[in-house]
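Protein chains in written order, with the working numbering: chain A, 80 to 594; chain B, 33 to 636.
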């Protein structure tokens, strides 16, 4: 029964190959005998092997082939024979050349070769070289040389199978130009297993005529399938790879993070990546001499280099920096420089979008919740743990009743949905939030806490100045990479943007609760 | 951010009880400093820029001691009067106009303590002093100085003294030119006609701030018992806090603080003042921000643990705190005292309408169509090189350039997407073909009508690469977009330096040019080392989005079925069609012109 089933499951290709294997183990010969394409033979052998009907052994063989001079000499004879034949007396080399019509190169090879064999004598008279046959030479002339014997074989020959005489001739000829050559061939030999033999017998019995391989439209229409059986497929046989379209894995994680905030009733913010320092830093009460503003951290623009800043807000920002303005703060002191604020840069944080959003917000819009997941930039040389652009998950809650405790609540909820059940917060510092905090989540797989970003409540210097009234604004800027990278088992951050097609195709999908 | 190294032994001595490494690590990070690690006797702590008072071992131990409840409350420092006067000459105005000074006596210095003092000075220079520009600190053995002290500006050639570590008289200019410290900080005096100096009453140069002290009378040793300290800079209050940070640290090391009288041309000050300043604070404000219900006494004890005194809604802020700009800064300290770990986190799900940016939804739809065509999405950086954007593409358009990129390969923002796709194809040459890829992302064009001088737009680009990649294939794919998005389009003949002439067109929808479609020129492919034909579609999604007039780009919409509106009404109202266009119509049946063109949002 099993045998029958196995026999019926044979693919036409397998059916064709299997009987041939009794006599022909070599794959090259199989191609010839079956008149199938190489890929078809390979596939059939692979399938048969999967079913344990055959055993495939890989053999490395060195094969000897006749090269182009070898083929020529097979017809004309080896140059040394031509040389000896021409040499019917003591002759000058020039006369040999004329009589034999050998090339200069062939002549010189022959001279060396025949001298070594003791077939000729070489002497010099004046400027001319004279050659004459020795006794040995005469006897060589009468019989076939080992080299000549070798050339008459059917090629390719397997080097391993050469006898000592043949090997001698091989060693002589291989040194000479283009007479013979060798090639290393990996050859696969397939032999039937016991099971294979049994299956072959039952195949022979059924001869496959009543087995349908592929169901076609014609068969359905003509009902020719009636009374026949369908070949059983090997369901576990490997199939060719499909080149399907796919969303970039990082975008999947980005849209997942977005969906969490949308579920929680947040509205998406967007805005430009090129920003003035005014919006990116000054509006967020980052002092103008803050180390973060220094060249090495921030990408500034050369062309264009300066942007426009809003007049109405400019005065308020200047005041809040210099003396706190109307916010009840002391401010940073010193003089706020408008030119510095006009500098164009690539946004260093998505918090710049939060600043722009609250500056447009009216009291009647409250409470309001906003988020964005966007790229931010740091001027760094990319290496395995640094990239100059990466995603930040930004969110704000503008609500007169919002508290620090709520802030932790939002973060807890977000990370729960990202798959992290445990979070902890500790004091942090950002110029635009007070209180400020750092967020860590517990990674169950790595059994460690990982830092995921900063959060806090916007300072009154920020909110009062931008909105015109005071209202708590809970804010956070979280790194997405720290979550996505372990999920995708990436160890080099540059792999996020490597765009290696093999990697992109094999990357797993982002799951609903990733951790 | 600066890291300080503390002796675990000293910290534990100060705390007065045995504390495990874990507890130490936890307390340090919950105090509002970054715990970096313990190695042997060394504790490494990161200090945030808002707390320069924690940059010294004594200052840090003081805060940790309060926080852990070992020694709580507002620290009282007695300031005695010294007879030292500093006379500030008007010549320093416009150069380095302010100084704040003090004297500390009874110091029992050891090599270790001197090292500690130098560490405080250096850390303050780098952070709070912004590399000596905003504040520079000098510490002198008082025994070698004969007060009163003069702070004035002299011409560089008039200044002559032996700078630290050099037993040779140099002029002001020579110091900037020769001395290592002079060379490092000389730029701070660049362009000044005169340089500031501290002189004693014998007119001996004590120092030339913010550069260097005198080797003769400006160097403390273990023999030093009394020191004169000055901070110089541009804002008196700022310098005063700096001074307070140093003198309180020295007092914690066993010294006695003495005041100095500063005689400015217009006013006299006697500093340091360490009695603290009062700030009003309402407990309701604290509770409202934190989401807690702290009583007055809980509040008082919380303030105690952060080194303040609190009484009758008034907080006494220590003179060494640089970060208390606003009552909100006190609120944070209450939160720290309460313990961040004790916030439970409340999340009250509120019924709210969430809204997504329409262009983002649009991009998602576009992405689905591309993937449905069996194309794989890639993601390149926004940053790239000018050559890749222009030279490699045989074009010369202006690009947005970065000023200071640390990597030359990434010194401009991409102007168009096609080069990014070619870069991807270039790096995948070892894989089998066809390689069909797409990317959706932002491009950047110089445009002065924007506040940032840059127009940023969203685009889609598709590249088909393989032996049979051609115009028909890419157009077939574009038709799937046109069909799915209900677009009526024409393709206008165009010339483009990156494409084969006669095989490139501009896609026109509602009379707007919204993209390129065509076969790339073999020379371009050679420039990139790509040996397979490439057909490209680059579609400006922002423009397309606008001409199809779905929704205003800046109005977020609530999630729900995408509002539908055919663009055919627009096309009909603009009948002027160029003659040379190949008109194409997607096979899909067109829907009737939508009436609700003014409908902006759909709510669920």
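No residue lacks a Cβ here, since even glycine has one placed at the ideal position from N, Cα and C.
Three-state secondary structure (DSSP) of residue 82 of chain B: coil
At least 3 beta-carbon pairs within less than 8 Å: the stretch 336-350 of chain B vs the stretch 377-388 of chain B: no
Beta-carbon contacts of residue 291 of chain A that lie in its chain and below 8 Å, excluding the five residues immediately before and after: 298, 304, 307, 308, 309 and 310
Residue closest to residue 432 of chain B, alpha-carbon to alpha-carbon, out of A:423, A:515 and A:534: A:423
Separation of residue 401 of chain B from residue 591 of chain B, as counted between CA atoms: Its pLDDT being 48, under 50, residue 591 of chain B is placed unreliably in this model, and the value from its coordinates should be taken loosely. Cα to Cα, residue 591 of chain B sits roughly 19 Å from residue 401 of chain B.
Neighbouring residues, chain A, relative to residue 447 of chain B (Cβ below 8 Å): Simply none; closest approach about 12 Å.
Buried versus exposed, by CB contacts within 10 Å (16 or more), residue 528 of chain A: exposed
Coarse secondary structure for residue 163 of chain B, derived from DSSP in three states: coil
CB contact check: residue 514 of chain A to chain B, cutoff 8 Å: yes
Outcome for residue 455 of chain A when other beta-carbon atoms lying within 10 angstroms are tallied against a minimum of 16: buried
Residues sharing a beta bridge with residue 554 of chain A, DSSP: A:475 and A:535
8 Å Cβ cutoff met for residue 349 of chain A and residue 451 of chain A: yes
Cβ contact check for the stretch 109-128 of chain B and the stretch 50-60 of chain B: 3 or more pairs under 8 Å: no
Test: residue 351 of chain B CB closer than 8 Å to a CB of chain A: no
Residue 190 of chain A, DSSP secondary structure in three states: helix
Short CB-CB distance (under 8 Å) between residue 285 of chain B and chain A: no
Interface partners of residue 410 of chain A on chain B, CB under 8 Å: 357
Cα-Cα separation, residue 492 of chain B to residue 569 of chain B: 8 Å
Sheet register partners of residue 302 of chain B (DSSP bridge): B:293
Among B:409, B:565 and B:348, the one whose alpha carbon lies nearest that of residue 582 of chain A: B:409
Closest residue to residue 438 of chain A among A:552, A:418, A:158 and A:565 (Cα-Cα distance): A:552
Closest Cα partner of residue 264 of chain B within the set B:532, B:514, B:157 and B:61: B:157
Three-state secondary structure (DSSP) of residue 517 of chain B: helix
DSSP-derived helix/strand/coil call for residue 375 of chain A: coil
Where residue 108 of chain A falls: helix, strand or coil (DSSP): helix
Min CB distance residue 406 of chain A to chain B below 8 Å: yes
Residue 212 of chain B, enclosing alpha helix (DSSP H) - first and last residue: 212-217
Range of the contiguous alpha helix (DSSP H) that encloses residue 91 of chain B: 89-99
Whether residue 230 of chain B touches residue 170 of chain B by CB criterion (8 Å): yes
First and last residue of the uninterrupted beta strand (DSSP E) at residue 310 of chain A: No beta strand (DSSP E) holds residue 310 of chain A; DSSP gives it neither H nor E.
Exposed unless 16 or more other CB atoms sit within 10 angstroms - verdict on residue 167 of chain B: buried
Residue 414 of chain B at chain A interface by Cβ criterion, 8 Å: yes
Local Cβ density within 10 Å of residue 367 of chain B, reported as buried at 16 or more and exposed below that: buried
Buried or exposed (CB count within 10 angstroms, at least 16 for buried), residue 433 of chain A: buried
Reduced DSSP secondary structure (H/G/I, E/B, other) of residue 211 of chain A: strand
Simplified DSSP assignment, three categories, for residue 155 of chain B: helix
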